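If you use full-length UniProt numbering, the sequence shown corresponds to residues 1 to 165, in order. Each residue gets a CB set at the ideal place from its N, CA and C atoms; glycine is no exception. Nothing here was measured: the structure is a model prediction, and the numbers come from that model. These notes concern the structure reproduced below.
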Amino acid sequence: MLYIYDGWNPVAIGTRTGTASSMGAMSLKWTNLWGPDIGSFGKVSGSADFQAAGGVGGLLASSDYSSSTTTPDNHIISSYDANGNILAWTSHTRALVRQNDYDPLGDVVIQRSLLTGVPEFGFSTKLQDKETSLIYYGYRDHDPVADRWPSRDPIEKRGGVTCME
1 MLYIYDGWNP
11 VAIGTRTGTA
21 SSMGAMSLKW
31 TNLWGPDIGS
41 FGKVSGSADF
51 QAAGGVGGLL
61 ASSDYSSSTT
71 TPDNHIISSY
81 DANGNILAWT
91 SHTRALVRQN
101 DYDPLGDVVI
111 QRSLLTGVPE
121 FGFSTKLQDK
131 ETSLIYYGYR
141 DHDPVADRWP
151 SRDPIEKRGG
161 VTCME
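Given below as structure tokens:
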């Protein structure tokens, strides 16, 4: 998969056509519309940083380009809890597409999908790998099943006294 980012937020998801030695063209799968995240609320107008919380709770909608790279097949809208976790996706016709519920560590405990191919955003509005269940937080992944970070903190001691190893 190929991801195009605006700051912390993936705005387009697709695949690259061609060989490994040539760049090839991008085959678009999803586009994402982002707004202010939960860290932006309550700030004085005009001073809000749209990505103050790393995009958590800021994904407004996604468009599916599965069968065409020029016209979306479907637009879906995300619904959140107060922590920025996506609880449901609904289509532009207001039909429920997917419903999620999470344990405190981010593991999906309930998932009801009525449509295949929904973007893999969920806990903390972060991308979750379908095959490994790892949640990507920008610098490293989190394993919600084991409640562990599989890699060391890249910021290490520079992050302050709360650094956990």
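Under 8 Å Cβ to Cβ from residue i, same chain only, skipping five residues before and after it: list those, please.
| i | result |
| --- | --- |
| H92 | N74, H75, I76, I77 |
Helix, strand or coil: how does DSSP classify residue i here?
| i | result |
| --- | --- |
| T93 | coil |
| R148 | strand |
| R158 | helix |
| S27 | strand |
| T15 | strand |
| S124 | helix |
| P36 | coil |
| R98 | strand |
| R112 | strand |
| Y139 | coil |
| P10 | strand |
Just to confirm my understanding: we take residue i, look at its own chain, exclude 5 residues before and 5 after, and list those with CB closer than 6 Å. What are they?
| i | result |
| --- | --- |
| G122 | I86, N100, Q128 |
| T31 | A12, S63 |
| S79 | L87, A88 |
When burial is assigned at 16 or more other CB atoms within 10 Å of the CB, is residue i buried or exposed?
| i | result |
| --- | --- |
| T132 | exposed |
| I110 | exposed |
| K130 | exposed |
| Y5 | exposed |
| Y3 | exposed |
With a Cβ-Cβ cutoff of 9 Å, do residue i and residue j count as a contact?
| i | j | result |
| --- | --- | --- |
| S66 | G117 | yes |
| P150 | L134 | yes |
| P72 | D107 | no |
| L105 | D141 | no |
| M26 | G7 | no |
| I155 | Y139 | yes |
Quick one: what's got a C-beta closer than 7 Å to residue i's C-beta in the same chain, skipping five residues either side?
| i | result |
| --- | --- |
| V97 | I76, W89, T90, S91, L114, L115, V118 |
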